[in-house]
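All the letters of the sequence shown, read from the start, carry residue numbers 5 to 409 under my numbering. In this text, a Cβ means the ideal position worked out from N, Cα and C, and glycines have one as well. Given the structure is predicted, the values throughout are model-derived calculations rather than measurements. Before any comments, here is the structure.
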Amino acid sequence: MTEKKYRKDFPLLQNNDTIYIDNAATSQRPAVVIEAEKKFYEEANANPLRGFYPLSLEATKRYEDSRTVVKAFINARSEQEIIFTRNTTESINLIAYSYGLNNIKAGDEIAITIMEHHSNMLPWQMVAKQTGATLRYLECEKDGTFAEETLKEGINSRTKLVAMTQVSNVLGCVNPIEKVVRLAHEVGAVVVVDGAQSVPHMATDVQALDVDFLAFSGHKLMGPMGIGVLYGRKELLDKMPPFLTGGEMIQSVTREGAVYAELPHKFEAGTVNAAGAVGLAAAIKYVESVGFGYIEEREQALTKRAMKGLARVPHVTVLGSDDPANHTGIVAFLIDGVHPHDVSEILASDGIDVRAGHHCAQPLLTYLGVHNATRASFMFYNTEEEVDAFVKSVAGVRRSMGYGE
Ligand SMILES: Cc1ncc(COP(=O)(O)O)c(C=O)c1O
5 MTEKKYRKDF PLLQNNDTIY IDNAATSQRP AVVIEAEKKF YEEANANPLR
55 GFYPLSLEAT KRYEDSRTVV KAFINARSEQ EIIFTRNTTE SINLIAYSYG
105 LNNIKAGDEI AITIMEHHSN MLPWQMVAKQ TGATLRYLEC EKDGTFAEET
155 LKEGINSRTK LVAMTQVSNV LGCVNPIEKV VRLAHEVGAV VVVDGAQSVP
205 HMATDVQALD VDFLAFSGHK LMGPMGIGVL YGRKELLDKM PPFLTGGEMI
255 QSVTREGAVY AELPHKFEAG TVNAAGAVGL AAAIKYVESV GFGYIEEREQ
305 ALTKRAMKGL ARVPHVTVLG SDDPANHTGI VAFLIDGVHP HDVSEILASD
355 GIDVRAGHHC AQPLLTYLGV HNATRASFMF YNTEEEVDAF VKSVAGVRRS
405 MGYGE
């Protein structure tokens with residue numbers, strides 16, 4: 005029954021018998037990713053994009069080859085549309101500071117959803133405050149779906165930008181990006197997609213989705229921490245001013261000013277995280293070798309098993325849809341009378357790693373009428389035994405807290 009085909013690829017899972025089901029926070033890394041970073045430092049370490057000696061040229065080549073891997077992975081038109089950042093948060097801030105502050109003005113509207121992670125909310129709060137634009141929150145139904153009228157009213161002739169997560173980090177639901185892009189483009193608004201929770205779990209094609217910007221993090225995709233990606237449509241990126249200025253992002257500098265480098269380097273100031281980019285490329289190749297067909301099928305099976313198990317435990321409520329197909333491996337839940345911090349500590353004492361708290365989505369939790377929740381999030385390398393141990397541990401929580409049942 006248990007699927008362990010890819011488990012051996014993950015050193016931490018071999019060296020540690022913890023049941024790691026906090027993958028939405030960060031995934032584990034396969035040995036090929038750790039090796040790729042190590043190899044970069046062992047074989048090609050020099051400051052990329054600066055030196056003319058062979059080692060620096062090799063570092064540059066490996067860094068730029070990694071960009072080509074990312075480009076192909078999300079089907080961007082050109083490498084110029086791929087900007088390396090630190091993470092999703094930095095990618096979205098880049099759009100907010102560079103595009104938002106320069107293209108949005110008083111009287112305009114920015115539409116985001118109530119389920120956004122703070123990383124795709126606070127930058128837009130900042131833009132709205134600084135420009136005088138109105139920040140409009142599109143509210144979802146309890147299962148995470150959006151009513152047709154909500155989208156149509158929320159995306160209107162005043163809307164200049166729509167920012168939406170493709171998958172909620174709390175509800176796990178997949179949002180209707182194609183429909184939102186259609187509505188936004190009809191009124192001339194640009195669309196920013198937070199792909200932090202979607203890119204690791206499903207195939208992404210930026211041309212098919214027709215999005216203007218897409219942000220994601222390497223570390224949730226089995227890549228290194230400290231490397232992220234911003235995809236942007238070239239026509240937009242070309243017109244945007246740099247977010248950070250300094251070394252590496254210029255063609256020439258005088259006392260009076262500077263001519264900025266071409267894309268993508270205009271947006272990559274300072275020494276870049278080349279080893280991180282190389283590690284991310286290795287992670288992408290690993291994901292491709294596993295295949296999204298397999299990833300989706302396994303994560304679906306594990307989610308279904310977890311939700312079926314939790315449904316049999318009294319006093320447990322799962323947030324979001326009743327259908328495991330709309331959870332993308334994410335199962336956030338409440339246990340009557342027990343604070344999620346206690347839930348996660350009790351689960352930890354059984355060797356199970358889950359996240360508890362507001363999940364950086366406080367407005368969503370407030371909207372749902374809860375303060376905190378516990379979240380299990382599965383990756384294709386988890387096993388049925390791990391899911392069963394998780395459900396068993398959850399079933400014992402109330403007893404541990406002194407309740408009769
Ligand atoms: C939906 C979503 N967006 C953005 C982020 C922020 O990612 P990072 O911390 O890698 O910038 C997260 C991380 O949990 C997330 O789940």
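Q) Which of helix, strand or coil does DSSP assign to residue 200? A) coil
Q) With a CB to CB cut of under 6 Å and the five nearest residues on each side skipped, what residues in its chain are close to residue 194? A) 165 and 216
Q | Proximity test, residue 201 beta-carbon vs ligand 1 heavy atom, cut-off 6 Å | A | yes
Q. If you check the beta carbons only, do residue 154 and residue 113 fall under 7 Å apart?
A. no
Q: Look at residue 23 and residue 355 and say whether their C-beta atoms are less than 7 Å apart.
A: yes
Q: Confirm the yes/no value for this check: CB of residue 331, any heavy atom of ligand 1, distance under 6 Å.
A: no
**Q.** Close Cβ partners of residue 440 (< 8 Å) along its chain, the five nearest in sequence each way excluded
**A.** With the chain covering 5 to 409 only, the question about residue 440 has no answer from this structure.
Q. Using a threshold of 6 Å, is the CB atom of residue 169 nearer than that to any non-hydrogen atom of ligand 1?
A. yes
Q) Is residue 304 helix, strand or coil when you go by DSSP? A) helix
Q: For residue 5, count neighbouring Cβ atoms within 10 angstroms of its own Cβ and tell me buried if that reaches 16, exposed if not.
A: Low per-residue confidence applies at residue 5: pLDDT is 45, beneath 50, and the placement is therefore not dependable, though the value from the model is reported in the following sentence. By the 10 Å Cβ count, residue 5 comes out exposed.
(Q) According to DSSP, simplified to helix, strand and coil, what is residue 296? (A) helix
Q) Going by the beta-carbon positions, is the gap between residue 306 and residue 386 smaller than 7 Å? A) yes
Q | Local conformation of residue 311 per DSSP, three classes | A | helix
Q: Note down, one range per segment and in chain order, each beta strand (DSSP E) of at least 3 residues found wholly within the segment 98-166.
A: 113-117 and 138-142
**Q.** Cα-Cα separation between residue 74 and residue 192, rounded to whole angstroms
**A.** 28 Å
Q. Any heavy atom of ligand 1 closer than 6 Å to the CB of residue 163?
A. no
Q: Starting from residue 235, follow its DSSP beta bridges and name the residues at the other end.
A: 86 and 218
**Q.** Minimum C-alpha distance to residue 19 - residue among 27, 34, 29 and 26
**A.** 34
**Q.** N- and C-terminal bounds of the beta strand (DSSP E) containing residue 407
**A.** No beta strand (DSSP E) holds residue 407; DSSP gives it neither H nor E.
Q.
Please identify the residue among 190, 66, 124 and 252 whose C-alpha is closest to the C-alpha of residue 368.
A. 124
Q) When DSSP builds the beta bridges, which residues end up paired with residue 169? A) 198
**Q.** Cβ neighbour criterion (16 or more within 10 Å) applied to residue 88
**A.** buried
Q. Mind checking whether residue 273 and residue 314 have CB atoms under 7 Å apart?
A. no
(Q) If we require 3 or more residues per run, which beta strand (DSSP E) segments fall completely within the segment 338-368? (A) 359-361
(Q) Let me confirm a value: residue 400 is counted as buried when at least 16 other C-beta atoms fall within 10 Å, else exposed. Which label applies? (A) exposed
Q. In the structure shown, what three-state DSSP assignment does residue 414 receive?
A. Nothing about residue 414 can be read from this structure; the chain reaches only from 5 to 409.
Q.
How far does the beta strand (DSSP E) with residue 38 in it extend, from its first residue to its last?
A. From DSSP, residue 38 is part of no beta strand (DSSP E) but of the alpha helix (DSSP H) over 35-47.
Q. Just the Cα atoms here: how many angstroms apart are residue 405 and residue 338?
A. 14 Å
Q | 7 Å Cβ cutoff met for residue 316 and residue 391 | A | no
Q: For the beta strand (DSSP E) holding residue 28, just list the boundary residues, first then last.
A: Per DSSP, residue 28 belongs to no beta strand (DSSP E) and is neither H nor E.
Q.
Counting beta carbon pairs with one atom in the segment 240-258 and one in the segment 97-111, are three or more of them shorter than 8 Å?
A. yes
Q | Buried versus exposed, by CB contacts within 10 Å (16 or more), residue 148 | A | buried
Q: Sort out for me which residues DSSP pairs residue 334 with in a bridge.
A: 381
(Q) For the segment 127-138 against the segment 220-230, do three or more pairs of beta-carbon atoms, one drawn from each stretch, fall closer than 8 Å, so that the two count as touching? (A) no
Q: Give me the Cβ distance between residue 303 and residue 382, rounded to the nearest whole Å; I'm assuming they're in contact under 8 Å.
A: 6 Å
Q: Measuring alpha carbon to alpha carbon, tell me which of 213, 59, 397 and 322 ends up nearest residue 81.
A: 213
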